[in-house]
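In the working numbering, the protein residues as written are 1029 to 1167.
Note that beta-carbon positions come from the ideal geometry of N, C-alpha and C, so glycine has one too.
Keep in mind the model is a prediction, meaning the values are calculated, not measured.
First the structure, in the form of structure tokens, and then the observations on it.
Here's what the structure looks like:
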């Protein structure tokens, strides 16, 4: 998966760079991005974080003076074959609205979007952190 600056389509995975991490969501329209928690929920009680829908401005965290841009997932050939159709992505994402159980390591916003699109929860960020820790422990 690559990340590009382009106009998102309904059902696309979108992300915003929050500095030390990315926040992910499922794009439906400029008025509806479905996401697991808000972009700045790092200090929130995990039990209170839920799947919700907001507009693009809230998703981008533009309540601050920082300009943030939305990136859109561009899928590889293999990913295109294994992903759900956009209507199915949106149906699944909507079915999760209100769900809780946020866990930074096992059930975060990146896990959520990958489960919506590929039917498999995965976080490349967490996988890369785990790999770095493994290498440190084995060196």
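Between residue i and residue j, what straight-line distance do the alpha-carbon atoms span, to the nearest angstrom?
i            : j            : result
residue 1061 : residue 1096 : 15 Å
residue 1132 : residue 1067 : 13 Å
residue 1085 : residue 1054 : 14 Å
residue 1107 : residue 1101 : 11 Å
residue 1089 : residue 1043 : 11 Å
residue 1070 : residue 1081 : 18 Å
residue 1064 : residue 1134 : 13 Å
residue 1083 : residue 1033 : 18 Å
residue 1150 : residue 1050 : 14 Å
residue 1075 : residue 1058 : 28 Å
residue 1087 : residue 1165 : 37 Å
residue 1123 : residue 1167 : 44 Å
residue 1163 : residue 1121 : 35 Å
residue 1143 : residue 1073 : 23 Å
On the criterion of 16 or more Cβ atoms from any shown chain inside 10 Å, does residue i qualify as buried, or is it exposed?
i            : result
residue 1098 : buried
residue 1115 : exposed
residue 1152 : exposed
residue 1136 : buried
residue 1129 : exposed
residue 1047 : exposed
residue 1105 : exposed
Below 8 Å between beta carbons: does that hold for residue i and residue j?
i            : j            : result
residue 1113 : residue 1146 : no
residue 1039 : residue 1079 : no
residue 1141 : residue 1041 : yes
residue 1118 : residue 1030 : no
residue 1052 : residue 1159 : no
Item to complete: Any chance you could list the beta strand (DSSP E) runs of at least 3 consecutive residues sitting entirely within the region 1055-1104, in chain order?
Response: 1060-1064, 1079-1082 and 1098-1102
Item to complete: Write down every uninterrupted run of the beta strand (DSSP E) in the region 1097-1163 whose length is 3 residues or greater and which is fully enclosed by it, in chain order.
Response: 1098-1102
Fill in: Entirely enclosed alpha helix (DSSP H) segments - the region 1029-1055, minimum 4 residues
none
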